[in-house]
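Participant:
Number of protein chains: 2
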Amino acid sequence: MASERPLILVTNDDGIFAGGIKTLVEEMTHLGEVWVVAPDSPQSGMGHAVTIREILRLEEVPFDVSGVRAFQSSGTPVDCVKLAIYEVLHRKPDLLVSGINHGANSSINVIYSGTMSAAVEGAVEGIPSIGYSLLDHSADANFAPSRPYVRSIAESVLKNALPQGTCLNVNIPNLSAEELKGIKICRQAQGYWADAFEKRKSPGGSEYYWMTGKFVTPDKGEDTDQWALENGHVSVVPTQFDLTDHHTIGLLNQWDFNDAK
Amino acid sequence: MASERPLILVTNDDGIFAGGIKTLVEEMTHLGEVWVVAPDSPQSGMGHAVTIREILRLEEVPFDVSGVRAFQSSGTPVDCVKLAIYEVLHRKPDLLVSGINHGANSSINVIYSGTMSAAVEGAVEGIPSIGYSLLDHSADANFAPSRPYVRSIAESVLKNALPQGTCLNVNIPNLSAEELKGIKICRQAQGYWADAFEKRKSPGGSEYYWMTGKFVTPDKGEDTDQWALENGHVSVVPTQFDLTDHHTIGLLNQWDFNDAK
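Residue numbers (our numbering), protein chains in the order written: chain Y, -12 to 248; chain F, -12 to 248.
1) Using a Cβ-Cβ cut-off of 7 angstroms (strictly less than) and excluding sequence neighbours within five positions of Glu46 of chain Y, which residues of its own chain qualify?
2) Can you give me the start and stop residues for the alpha helix (DSSP H) that Met33 of chain Y sits inside?
3) Which runs of the alpha helix (DSSP H) fall wholly inside the stretch 41 to 129 of chain F and span at least 4 residues, in chain order?
4) Which of the three DSSP states is assigned to Glu217 of chain Y in this structure?
5) Would you mind stating whether Gly118 of chain Y and Asn92 of chain Y have Cβ atoms separated by less than 8 angstroms?
6) What number of angstroms, rounded off, separates the C-alpha of Asn156 of chain F from the C-alpha of Ile3 of chain F?
7) Rounded to the nearest angstrom, how far is the Cβ of Gly32 of chain F from that of Tyr99 of chain F, given a contact under 8 angstroms?
8) For Ser139 of chain Y, which residues does DSSP report across the bridge?
9) Compare the beta carbon distance of Ile140 of chain F and Asp81 of chain F with 8 angstroms and say whether it is the shorter of the two.
10) Under 8 angstroms, Cβ to Cβ, is there at least one residue of chain Y near Lys9 of chain F?
11) Is there a C-beta anywhere in chain F that falls below 8 angstroms from the one on Arg174 of chain Y?
12) From the DSSP secondary-structure annotation, give me the bridge partner or partners of Leu(-4) of chain F.
13) Where does Ser133 of chain Y sit, in a helix, a strand or coil, going by DSSP?
14) Below 6 angstroms CB to CB, which residues in the same chain sit around Ala(-11) of chain Y once its five sequence neighbours on both sides are set aside?
15) Quick one: complete beta strand (DSSP E) runs, 3+ long, within the stretch 155 to 189 of chain F?
16) Using a Cβ-Cβ cut-off of less than 8 angstroms, give me the residues of the stretch 91 to 105 of chain F that come near chain Y, in sequence order.
17) Check for me: the alpha helix (DSSP H) holding Gly328 of chain F runs from which residue to which?
18) Is there a C-beta anywhere in chain C that falls below 8 angstroms from the one on Asn147 of chain F?
19) On the criterion of 16 or more Cβ atoms from any shown chain inside 10 Å, does Glu108 of chain Y qualify as buried, or is it exposed?
20) Does Met(-12) of chain Y have its Cβ less than 8 angstroms from a Cβ in chain F?
21) Examine chain F for any beta-carbon lying closer than 8 angstroms to the beta-carbon of Asn32 of chain Y, and answer yes or no.
22) How big is the Cα-Cα spacing for Pro150 of chain Y and Ser85 of chain F?
23) Would you say Thr226 of chain F and Thr231 of chain Y are within 8 angstroms of each other, going by their C-beta atoms?
24) Hey, does Asp232 of chain F have any beta-carbon neighbour from chain Y nearer than 8 angstroms?
25) Given this structure, state the Cα-to-Cα distance separating Ser189 of chain Y from Leu43 of chain F, to the nearest angstrom.
26) So what's Thr153 of chain Y in DSSP terms, helix, strand or just coil?
27) Relative to the C-alpha of Val75 of chain F, which residue among F:Val21, F:Gly7, F:Thr235 and F:Ile95 is closest?
28) Could you check the C-alpha separation between His124 of chain F and Asn158 of chain F for me, to the nearest Å?
29) Excluding the 5 residues preceding and the 5 following Cys67 of chain F in the sequence, name in chain order all residues of the same chain whose CB lies nearer than 7 angstroms to its CB.
30) Do three or more CB pairs link the stretch 196 to 207 of chain F to the stretch 172 to 186 of chain F at distances below 8 angstroms?
31) Secondary structure at Thr231 of chain Y, three-state DSSP: helix, strand or coil?
32) Rank F:Asn96, F:Lys69 and F:Ala131 by C-alpha distance to the C-alpha of Leu167 of chain F and give the top, closest one.
33) Quick one: does Arg44 of chain F have its CB under 8 angstroms from some CB of chain Y?
34) Rounded to a whole number of angstroms, what is the C-alpha to C-alpha distance between Asn96 of chain F and Val37 of chain Y?
35) Let me check understanding here. Comparing Cα to Cα, which of F:Gly90, F:Cys154 and F:Leu70 lies closest to Ile114 of chain F?
36) Could you confirm whether any beta carbon from chain F is found closer than 8 angstroms to the beta carbon of Met15 of chain Y?
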């Protein structure tokens, strides 16, 4: 740890053996000293969950990239960030990168995503942080065209200071290097999941459900991450953990709450 | 369902048998037709997690308030909101209330909280939504002084329109009715958990961890939820799901990303 190279923490939500995290680790070794702390199993959709009612496991494991130390945990992506800082590194890294997620985390998906929650947790801890996602859910997704973008965005974050409290949500279309049209800074598109549930019966006759659903975005803006991705751009959304709707404070101050006082 | 009274959905993260949800249901019966869809076990700290890799259970259960139908689910608070809309009510309720949580969800806790994630999910679905929390973790917390505030805030939300995309995060100090100083509209205080982990050994000799930690807020503002709560006020923070840091878009557009293009 006496290295003068930046200390880079890598995590994800697809689990430590996913293809996306290996690509991310390989790119980060060009920029600094890399440590991995990631879930021992897939944790997609875990959002900002933390493990407070169960125990956590943490153990060092081999990782298939030279010079990289890696730890797997039974916890969520946010647990992994906390364990990395307080039990593995014993200091805050200079950069936190999460991903590369197998599947999109644009629009409202940012709020359900374990990948992005790890990056947001990094921001809460004051660490420059980036979450990366490729728009391909498959286990054997092709991450090659993503590589130059992943590295150049991380380099930019190391060189320029991100504002305190803000991390980056990076999504990459599933296109060839030739088709990718470069980086576009965006806002999060308005959108939601029109959910549906598939009701089934177990062999024993009890009812259960699977969540399904379809992503819907009524947002026609050309400054959104959805627009950028549909038009071949790598989307970069500055993402914050202050959830206050500051504009609405003035409105609420005009309400008569019929206060007990 | 032919009633002209508002249709009110109640959920929480402490589980359907917690004291806080019973208080909340009782207060809501004064305002409308109440349905409960809540987790069958405690789900604190689940954040915005959704269950996409496991099955979900949902079953009607008795609830100890007259005229109220109640369902418990094996899922997270956010799962409960989705199941309620798409499998129980088959429409969007006029109001969604979550809680009353046993313990604070002010400052950064909003992001880890299952209670608030249920309210945020309501906002994503376009439903006027409120999360309530009492600053007392104990199972036998005294919710009586909270009652008039809980009801009056819900009445105000039913009467006035909340802006699309915004819900309310309400926290109530653990004080007597006489000590409570009324409602204050606030912003989310800057703060974080200085985490620690307690390392233990199992009887079999394997290592494991418990997450502990201490809440830290360096934010001295008198317009924050932390300040309001420490000074005896009920805090109300308008809370949004658009995580875009809009101010930073201009800054990032000045960066040279050393684009591959």
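All C-beta atoms, glycine included, are put in the ideal place defined by N, C-alpha and C.
Facilitator: This is what the structure holds:
1) Here residue 46 of chain Y corresponds to residue number 59 of the first sequence, with the count starting at 1. Cβ within range, chain order: Phe58 and Gln59.
2) Stepping through the first sequence from its first residue, residue 33 of chain Y is reached at position 46. Per DSSP, Met33 of chain Y belongs to no alpha helix (DSSP H) and is neither H nor E.
3) Runs of the alpha helix (DSSP H) spanning 4 or more residues and lying entirely within the stretch 41 to 129 of chain F occur at 64 to 70, 96 to 99 and 101 to 111, in chain order.
4) Looking up residue 217 of chain Y in the first sequence gives position 230. Three-state DSSP puts Glu217 of chain Y in a helix.
5) As a first step, residue 118 of chain Y must be located in the first sequence, where it is residue number 131. As a first step, residue 92 of chain Y must be located in the first sequence, where it is residue number 105. Contact: yes.
6) Counted from its first residue, the second sequence places residue 156 of chain F at position 169. Counted from its first residue, the second sequence places residue 3 of chain F at position 16. For the pair Asn156 of chain F and Ile3 of chain F, the Cα-to-Cα distance works out to about 20 angstroms.
7) The count along the second sequence starts at 1 and reaches residue 32 of chain F at position 45. The count along the second sequence starts at 1 and reaches residue 99 of chain F at position 112. That belief holds up - the Cβ atoms of Gly32 of chain F and Tyr99 of chain F are roughly 5 angstroms apart, short of 8 angstroms.
8) By one-based count along the first sequence, residue 139 of chain Y stands at place 152. Bridge partners of Ser139 of chain Y according to DSSP: none are assigned.
9) On the second sequence, position 153 is the one that residue 140 of chain F refers to. On the second sequence, position 94 is the one that residue 81 of chain F refers to. No, they are not a contact pair.
10) On the second sequence, position 22 is the one that residue 9 of chain F refers to. It does not; no Cβ of chain Y falls within 8 angstroms.
11) Here residue 174 of chain Y refers to the residue found at position 187 of the first sequence. Residue-level contact by beta carbon holds for Arg174 of chain Y and chain F, with a gap shorter than 8 angstroms.
12) Residue mapping note: residue -4 of chain F aligns to position 9 of the second sequence, counting from 1. For Leu(-4) of chain F, DSSP records a beta bridge to F:Trp22 and F:Leu83.
13) Residue 133 of chain Y sits at position 146 when you count from the first residue of the first sequence. Helix.
14) The residue given as residue -11 of chain Y occupies position 2 in the first sequence. Low confidence applies to Ala(-11) of chain Y: its pLDDT is 46, below 50, so where it sits in the model is not reliable, and the reading given next is rough at best. Around Ala(-11) of chain Y: no qualifying Cβ.
15) Every beta strand (DSSP E) stretch that sits fully inside the stretch 155 to 189 of chain F and reaches 3 residues is listed by chain position as 170 to 172 and 179 to 188.
16) Shown in chain order are the members of the stretch 91 to 105 of chain F whose Cβ falls below 8 angstroms from a Cβ of chain Y: Ile95, Val97, Ile98, Tyr99 and Ser104.
17) Given a span of -12 to 248 for chain F in the structure shown, any question on residue 328 of chain F remains unanswerable.
18) Within the model displayed, chain C is absent; protein chains Y and F are what it includes.
19) Residue numbering aside, residue 108 of chain Y sits at position 121 when the first sequence is read from its first letter. Result: buried.
20) For the purposes of this step, residue -12 of chain Y is taken as residue 1 along the first sequence, with counting starting at 1. For Met(-12) of chain Y, the pLDDT reaches just 46, beneath the cut-off of 50, and the residue's location in the model is therefore unreliable, leaving the point undetermined.
21) Here residue 32 of chain Y refers to the residue found at position 45 of the first sequence. In the sequence on display, residue 32 of chain Y carries Gly and not Asn. With 8 angstroms as the cut-off, Gly32 of chain Y counts as an interface residue toward chain F.
22) Position 163 of the first sequence, counted from the start, is the residue given in the question as residue 150 of chain Y. Position 98 of the second sequence, counted from the start, is the residue given in the question as residue 85 of chain F. Pro150 of chain Y and Ser85 of chain F have their C-alpha atoms some 33 angstroms from each other.
23) Counting from 1 along the second sequence, the entry for residue 226 of chain F is found at position 239. Counting from 1 along the first sequence, the entry for residue 231 of chain Y is found at position 244. The answer is yes: Cβ separation under 8 angstroms.
24) Looking up residue 232 of chain F in the second sequence gives position 245. Asp232 of chain F counts as touching chain Y.
25) Here residue 189 of chain Y refers to the residue found at position 202 when the first sequence is read from its first residue. Here residue 43 of chain F refers to the residue found at position 56 when the second sequence is read from its first residue. Their Cα atoms are separated by approximately 12 angstroms.
26) What you label residue 153 of chain Y is simply residue 166 of the first sequence in a count that begins at 1. If DSSP states are grouped into helix, strand and coil, Thr153 of chain Y belongs with the strands.
27) Within the second sequence, residue 75 of chain F is the residue found at index 88, counting from 1. Here the closest residue by C-alpha is F:Val21.
28) Translated into positions along the second sequence, residue 124 of chain F becomes position 137. Translated into positions along the second sequence, residue 158 of chain F becomes position 171. It is roughly 13 angstroms from the alpha-carbon of His124 of chain F to the alpha-carbon of Asn158 of chain F.
29) Against the second sequence, residue 67 of chain F aligns to sequence position 80. So the list reads Thr(-2), Val24, Ala25, Pro26, Ser60 and Ala105, once near-sequence residues are dropped.
30) Verdict: yes, contact present.
31) Numbered from its first residue, the first sequence carries residue 231 of chain Y at position 244. In the structure shown, Thr231 of chain Y sits in a strand (DSSP, three-state: E or B).
32) Counting from one through the second sequence, the residue named residue 167 of chain F turns up at place 180. Ranking F:Asn96, F:Lys69 and F:Ala131 by Cα distance to Leu167 of chain F puts F:Ala131 first.
33) On the second sequence, position 57 is the one that residue 44 of chain F refers to. Residue-level contact by beta carbon holds for Arg44 of chain F and chain Y, with a gap shorter than 8 angstroms.
34) Taking the second sequence and counting its residues from 1, the one referred to as residue 96 of chain F is at position 109. Taking the first sequence and counting its residues from 1, the one referred to as residue 37 of chain Y is at position 50. In a straight line, the C-alpha of Asn96 of chain F is about 11 angstroms away from that of Val37 of chain Y.
35) Within the second sequence, numbered from 1, the residue matching residue 114 of chain F stands at position 127. When C-alpha distances from Ile114 of chain F are compared across F:Gly90, F:Cys154 and F:Leu70, the shortest belongs to F:Cys154.
36) As a working note, residue 15 of chain Y is residue 28 in the first sequence. No - not a single Cβ of chain F is within 8 angstroms of the one on Met15 of chain Y.
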